[in-house]
Amino acid sequence: MNRRHLLQWLVLAAMLGLFYGLPWLRWRGAALLLFDIEARHIRFFGLDLRMDAVLPMLWLALAALAALCLVTSLYGRLWCAYACPQTVLTRLHRALQRITTLNGLAGARIEPVLRHALWAAIALWTGITFVGYFSPVEGLVTGLPALALGRWEAFWIAFYAFATWANVLFLHERVCTYLCPYSRVQP
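Here it is in structure tokens:
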């Protein structure tokens, strides 16, 4: 494995760790980051930011977008090659394909079932994690097996799980080519 591939895998691990781990992190007994839509506030490192006071966050997001464009124009498409969620999930799926490749006739029958089951579990966990940014993640994990989730929570978990599952299995890089607005504005 050369340095570029090692760097890609390190960034992949960091991005997945950040995405899947952030809803579980606590700061002074509360969620580190929670977008509470019902209460109309964002909890971030113990700060409760009201929705009408998020203008500084908008400026921060615009500055991050400008920095992304600057880095891209200086060094190429680093976002697409290393940190884009589509790239990260596609690379994870391809690694899963390599890991679950089995030899022999029995392996040829079991392999697709195993691969789809593992990817469905990852997709479901992605749905739970994404909704965990808007609803306390502990309640989602304990409520899912008991079917005690709210209608909207269950809908969005199912939606993001299905979207993750279908996106990576069937679309791959076509998302980058046809759907991604970032690829359209880059030289």
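For the sequence shown, UniProt numbering begins at 1 and goes up steadily by one.
All residues carry an ideal CB built from backbone N, CA and C; glycine is no exception.
Secondary structure of R77 (DSSP, three-state): coil. Closest in C-alpha terms to T126, from the list L68, E173, A166 and H41, comes A166. The Cβ neighbour count for S73, taken over all protein chains shown within 10 Å, is under 16; the residue is labelled exposed. Annotated three-state conformation of H93 is helix, per DSSP. For L16, the uninterrupted alpha helix (DSSP H) run begins and ends at R3 to G21, by DSSP. The continuous alpha helix (DSSP H) containing F159 extends over residues R151 to A166. Where L49 is concerned, the enclosing beta strand (DSSP E) starts and stops at L47 to R50. Contact between L124 and V131 fails: their C-beta atoms lie close to 11 Å from each other, not under 8 Å. Of the other Cβ atoms in all chains shown, fewer than 16 fall within 10 Å of the Cβ of I37; this residue is therefore exposed. L33 and R109 have their C-alpha atoms spaced approximately 43 Å apart. When rounded, the separation of the alpha-carbon atoms in F155 and V11 is 31 Å. Burial is judged here by how many other beta carbons sit within 10 angstroms of a residue's own beta carbon; R3 has fewer than 16 and is exposed. Within the DSSP bridge table, the entry for W27 names A30 as partners. Contact annotation: L89 and R115 have beta-carbon atoms that are not nearer than 8 Å.
A contact is defined here as three or more CB-CB pairs under 8 Å, and the stretch 165-179 meets this definition with respect to the stretch 77-94. Taking the Cα positions, R94 is about 10 Å away from T87.
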